[in-house]
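Q:
Numbering (this note's numbering), first residue to last: 1 to 201.
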């Protein structure tokens, strides 16, 4: 298995998805036939790829499948939530619904960044929904958790799972506390905790 396959969280023998395949399963439309993204407003994600109207925007189905494939978080976890895009690949999640489109500053909380090579979950998202994760969760020891929360990168050789974005957790008072998102490559866990959210534990 190549590093790229491992980084994407692919299993042995699985082929990486063709990110340049712009055809729709249900129509002959291509990306050039779709509308442009309006960067200053919120638009709800289309239910399926076949119903997309904006070029480069993922569907709700694709986003929920990603959370399931990557972290084992079932789509039903988000049943009462709506998903939105504002800007270039910045997805938001809202408990409930809102007018579509919406010209407001914020809707719910940031959820996922998608218009890049590897989709990246946000700290808010994993702290809110990470309790439901069953895979790609790295359990940190006390000192490791302290360093992670402070924004430090560290070598952790014992991890034998996928490379890429992981959910970092630490057992606290018998419960699993979700710390945030880490990027694991070449035996190193890089803390993705935003500077303004870093803490001294």
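From the three backbone atoms N, C-alpha and C, an ideal C-beta is built for every residue, glycine too. This one's a predicted model, so the numbers in the text were calculated from it and none came from an experiment.
Residue 37 and residue 57 look like a contact to me (Cβ under 8 Å); what is the Cβ gap, rounded to whole Å?
A: 7 Å
Q: Check residue 69 in the structure and name its three-state DSSP category.
A: helix
Q: Opposite residue 42 in the DSSP bridges: which residues?
A: 102
Q: In the DSSP assignment, the beta strand (DSSP E) including residue 126 goes from what residue to what residue?
A: Unbroken run through residue 126 is the alpha helix (DSSP H), 123 to 129; no beta strand (DSSP E).
Q: Going by Cα to Cα distance, which pick from 43, 42 and 62 is closest to residue 50?
A: 62
Q: Going by other Cβ atoms of all chains shown within 10 Å of its Cβ, with 16 needed for buried, is residue 85 buried or exposed?
A: buried
Q: Starting from residue 142 and walking both ways along the alpha helix (DSSP H), at which residues does that stretch end?
A: 142 to 149
Q: What is the residue span of the beta strand (DSSP E) that residue 178 lies within?
A: 175 to 185
Q: Identify the continuous beta strand (DSSP E) that holds residue 111 and give its terminal residues.
A: 109 to 113
Q: Straight-line CA distance for residue 126 to residue 90?
A: 15 Å
Q: Using three-state DSSP, classify residue 153 as helix, strand or coil.
A: Assignment of residue 153 by DSSP, reduced to helix, strand and coil, places it in the coil class.
Q: Can you tell me the Cα-Cα spacing of residue 189 and residue 74, whole angstroms?
A: 25 Å
Q: Report the residue from 192, 104, 169 and 100 whose alpha carbon sits nearest the alpha carbon of residue 178.
A: Answer by Cα proximity: 169.
Q: May I ask you to report which of helix, strand or coil DSSP gives residue 117?
A: coil
Q: What whole-angstrom Cβ distance do residue 123 and residue 194 have, given they're in contact under 8 Å?
A: 6 Å
Q: I need the straight-line Cα distance from residue 39 to residue 104, nearest angstrom please.
A: 12 Å
Q: I'd like the span of the beta strand (DSSP E) that includes residue 92, first residue to last.
A: 90 to 95
Q: Does residue 96 pass the burial test, meaning 16 or more other C-beta atoms within 10 Å, or should it be called exposed?
A: exposed
Q: Provide the residue span of the beta strand (DSSP E) that contains residue 59, from first to last.
A: Taken as a continuous stretch (DSSP letters only), residue 59 belongs to no beta strand (DSSP E), as it is neither H nor E.
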